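First up is the structure itself, then whatever we jot down about it.
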Amino acid sequence: MEDNRVRCQFEDCKSYDVVKNGKVMHGQVQRYKCLTCQRSFTLLASKKHCFSEREQVLAYFLYVCGVRQSLIARRLQVTHTTVKRWINKVNNGLCLKKVGNLLPKTRTTLSFGSVSIKFSPKRSEK
42 MEDNRVRCQF EDCKSYDVVK NGKVMHGQVQ RYKCLTCQRS FTLLASKKHC FSEREQVLAY
102 FLYVCGVRQS LIARRLQVTH TTVKRWINKV NNGLCLKKVG NLLPKTRTTL SFGSVSIKFS
162 PKRSEK
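So for the sequence shown, the numbering used here puts the first residue at 42; every next one is plus one.
What follows is the structure, given as structure tokens:
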């Protein structure tokens with residue numbers, strides 16, 4: 042018997058926990074979001090054109106911390122134009138609400154080539 046359920050398109054996930062998430066190309070192609078890995082995809086797109094919000098926010102924070110767009114692009118395996126578009130998206134306020142939710146909740150050091158970024162979350166005042 043054939044299984045017609047939609048499955049996450051990413052090799053490291055392959056979850057069936059997927060929901061519809063809008064349409065692209067003038068409403069002709071259904072977009073999906075995996076609830077397990079939080080990545081978005083279409084069944085027709087190649088895997089390299091689907092990026093998680095975490096990757097986009099990471100690119101923005103690396104840029105703010107002084108990492109060149111070309112290095113960010115190389116490490117995330119995207120074009121520098123894609124990185125520039127993500128940065129502009131955050132700067133224009135299109136996804137600022139999501140940024141806070143994607144930050145680490147504990148102290149973390151992120152190493153990115155020769156750059157190390159230390160995240161230290163603010164303590165909430167009671």
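Just so it is clear, CB atoms sit at the ideal spot from N, CA and C, and this is done for glycine as well. No experiment lies behind these values; they were computed from the predicted model shown.
Assigned with DSSP and collapsed to three states, Val131 falls in helix. Ranking Tyr104, Thr77, Leu84 by CA distance to the CA of Gln69 puts Leu84 first. Val108 carries a coil assignment under DSSP once its states are collapsed to helix, strand and coil.
Glu52 sits exposed, since fewer than 16 C-beta atoms from the chains shown fall within 10 Å of its C-beta. With respect to the C-alpha of His121, the residue from Asn133, Arg80, Val108 having the closest C-alpha is Val108. Rounded to the nearest whole angstrom, the C-alpha separation of Arg115 and Arg48 is 28 Å. Note on the stretch 47 to 71: whole beta strand (DSSP E) runs with a minimum of 3 residues are 59 to 65, in chain order. Per DSSP, the continuous beta strand (DSSP E) segment holding Phe82 begins and ends at 81 to 83.
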